[in-house]
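Enquirer:
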Amino acid sequence: MVLGKDAMLKIQRSASDKVIFTLSGRIEEEGLAELQRLFDLESPGHQLALDLKDVTLADRDAVKFLLRSEEHGIQLEDCPPYIREWIERERESNHSEKGMKDRKRSARRRSD
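Adding 46 to a residue's 1-based position in the sequence shown gives its number in the numbering used here.
1. When we look at the beta-carbon of L9 and count the other beta-carbons within 10 Å, is it buried (16 or more) or exposed?
2. How many Å lie between K64 and P90 at the Cα?
3. Measure the C-alpha to C-alpha separation of E75 and S142 and round it to an integer number of angstroms.
4. Could you give the uninterrupted runs of the beta strand (DSSP E) lying entirely in the stretch 86-146, keeping only those of 3 residues or more?
5. The beta strand (DSSP E) that contains V60, what's its start and end?
6. Tell me which same chain residues have a C-beta within less than 7 Å of the C-beta of G50, skipping the five on either side of it?
7. Which residue wins for smallest C-alpha separation from A79, given the options E123, A61, A108?
8. A104: buried (16+ other C-beta within 10 angstroms of its C-beta) or exposed?
9. Who are the Cβ neighbours of S60 in its own chain at under 6 Å, not counting the five residues just before and after it?
10. Given a cut-off of 8 Å, decide if A95 and I57 are closer than it, judged by their beta-carbon atoms.
11. Note down, in chain order, each residue of its chain lying with its Cβ closer than 6 Å to the Cβ of L70, except the 5 sequence neighbours on either side.
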């Protein structure tokens, strides 16, 4: 499946002991809804994986999507190092923001 004329994302599905979506090209915001739709079509209980070895570019929305996917149990296989590093920075940023919100909430409770 190729998304849009300009999107340049190719998605191939294969299944054995798990369902693997092999992505090729650029992962950008335009393709994320379709990718999520494909995930949603899979039967509950199937292990899902994304093979990212042929990904050439990812935007920030794509990295956030990959982070959420991984947090929901989808395996990221053959993830390019620059994408893995970006995912980890996003994860750290999310934890830092959550920690700040928790500290503010705790401070408000103490002042009440």
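The beta-carbon is built from N, C-alpha and C at its ideal position, and this holds for glycine as well. Note that this is a predicted model, so its numbers are computed, not measured.
Expert: Concretely, from the data shown:
1. Only positions 47 to 158 of the chain appear in this structure, which leaves residue 9 out of reach.
2. When rounded, the separation of the alpha-carbon atoms in K64 and P90 is 12 Å.
3. Using only the alpha carbons, I get a separation of about 25 Å.
4. For secondary structure counted as the beta strand (DSSP E) over 3 or more consecutive residues, the stretch 86-146 holds these complete runs in sequence order: 94-104, 121-123.
5. Here residue 60 is Ser; the residue named in the question, Val, does not match the sequence. S60 -> beta strand (DSSP E) spans 55-61.
6. At G50 the pLDDT is 47, less than 50, meaning the model places this residue with poor confidence; the figure from the coordinates comes in the next sentence. Annotation for G50: E76 place their beta carbon closer than 7 Å to its own, counting only its chain and skipping 5 residues before and after.
7. Closest by alpha carbon: A108.
8. Buried, because 16 or more other Cβ atoms sit within 10 Å of the Cβ of A104.
9. Closer than 6 Å at Cβ, skipping near neighbours: I66.
10. Pairing I57 with A95 gives a Cβ-Cβ distance that is not under 8 Å.
11. The sequence given here places Ser at residue 70; Leu does not occur at that position. Sequence-distant Cβ neighbours of S70 in its own chain, meaning closer than 6 Å and more than five residues away, are K56, D100.
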